[in-house]
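Throughout the sequence shown, residue numbering follows my numbering, covering 2 to 244 in sequence.
A short write-up of the structure that comes next.
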Amino acid sequence: MLIAAVAWKQTAAEYRALYHQAFNLARMRLDQALAVRKPGDKPLAVITDIDDTVLNAVNYWGYLIQQDRDFFDDAIWDKWIPENKLTATPGALDFFNYAQSQGVEVFYVSSRDQGDKTYEYALGNLRAAGFPFVDAKHVTILRDSSNKEPRQKEIAAQYNVVAMLGDNLNDFQRKYYVKDVDERAWLMEEDRDLFGRKFILMPNPTDGHWMRAIFGDSEPPATDRNREIFKKAASKSAWQPAP
């Protein structure tokens, strides 16, 4: 199943188009906020995730497929990250450079853990790809938690956050961090009016907290049992032909 998702990331124009669509929406939101901003208002800001939102790891996924892996491999990921092979997602640099030109600040909030050099690696990845605002004020890396809300609330206390960008629902609100597929979908439906407005969601069919809702773990090991669980999830709704 992973091979189809990676092939889509590697080859589909639709995959790239969804990023452009997302950043076009983000720019619309930014322009709307700029148009109504008055003297004395809070400064404007955008909060964004990093991996699979502004940085593309397709090179890593291609390696996994080449090595006949069918699940995320954390050990390989940790070795790969320092290589600075990540590239900007389609439309990302144009959008963030535009935000900077309009006086809008960008804050990167990510959960990663590659040991003591995690923060250094994240800064290096962003700088190598050419992103603005890559400094201690604007980049937050959470090694011990995937809960981004405390940092997001700190930013929102000082800035008018015009958009939040991510490839996981958990990039927007902690309440989505649940281990049940149907509950997660129901919680999303509660907030459906926020998507494309406050929340700008990027495509990611290979990994994320949607996996946690299936397995109870965002990075499940490559076992036969987990392959069966994946198959069951993929056939959650399946045609049953009449005898």
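We put the beta carbon where it would ideally sit given N, CA and C, even for glycine.
Figure out for me which residue from the options has the closest Cα to the Cα of residue i.
i      : options                        : result
Val47  : Met29, Arg185, Gly41           : Met29
Phe200 : Lys232, Asp172, Val182         : Asp172
Ala214 : Val135, Leu195, Ser238, Ala186 : Ala186
Leu87  : Gly116, Val105, Lys80, Asn57   : Asn57
Gly92  : Leu170, Gln174, Leu19, Asn169  : Leu19
Arg175 : Met189, Val107, Phe96          : Met189
Arg144 : Thr119, Asp53, Gln101          : Thr119
Gln33  : Pro221, Gly167, Ala6, Val162   : Val162
Phe96  : Lys154, Leu26, Asp74           : Leu26
Gln101 : His139, Glu220, Glu84          : His139
Val107 : Gln115, Asp114, Asn98, Arg113  : Asn98
Could you tell me the alpha carbon to alpha carbon distance between residue i and residue j, rounded to whole angstroms?
i      : j      : result
Glu247 : Trp211 : Outside the shown range of the chain, which is 2 to 244, sits residue 247, and nothing can be said about it.
Gly125 : Ile82  : 10 Å
Phe72  : Pro133 : 33 Å
Trp240 : Arg226 : 24 Å
Ala13  : Asp192 : 29 Å
Asp218 : Arg228 : 14 Å
Ala223 : Leu202 : 27 Å
Pro206 : Gln68  : 19 Å
Arg70  : Tyr64  : 9 Å
Ser1   : Ile51  : Past the boundaries of the shown model lies residue 1; the chain is included only from 2 to 244, so the question cannot be answered.
Tyr61  : Ala130 : 16 Å
Ser147 : Thr54  : 16 Å
Thr255 : Pro204 : Lying before the first or after the last residue shown, residue 255 is absent from the chain, which here runs from 2 to 244.
Glu155 : Met165 : 14 Å
Val135 : Pro242 : 55 Å
Lys237 : Asp183 : 11 Å
Val179 : Asp114 : 21 Å
Arg128 : Pro244 : 60 Å
Asp181 : Phe216 : 9 Å
Going by other Cβ atoms of all chains shown within 10 Å of its Cβ, with 16 needed for buried, is residue i buried or exposed?
i      : result
Pro40  : exposed
Asp208 : buried
Lys10  : buried
Thr141 : buried
Val37  : exposed
Pro44  : exposed
Gly167 : buried
Ala8   : exposed
Ala5   : exposed
DSSP three-state call for residue i: helix, strand or coil?
i      : result
Met165 : strand
Thr119 : helix
Val182 : helix
Val37  : helix
Phe132 : coil
Ile156 : helix
Ile51  : coil
Phe24  : helix
Phe73  : coil
Phe97  : helix
Met189 : helix
Gln241 : coil
Met2   : coil
Phe173 : coil
Could you pull the DSSP bridge partners for residue i from this structure?
i      : result
Asn57  : Thr88
Ala46  : Glu106, Val162
Ser112 : Leu143
Ile201 : Leu166
Phe196 : Phe200
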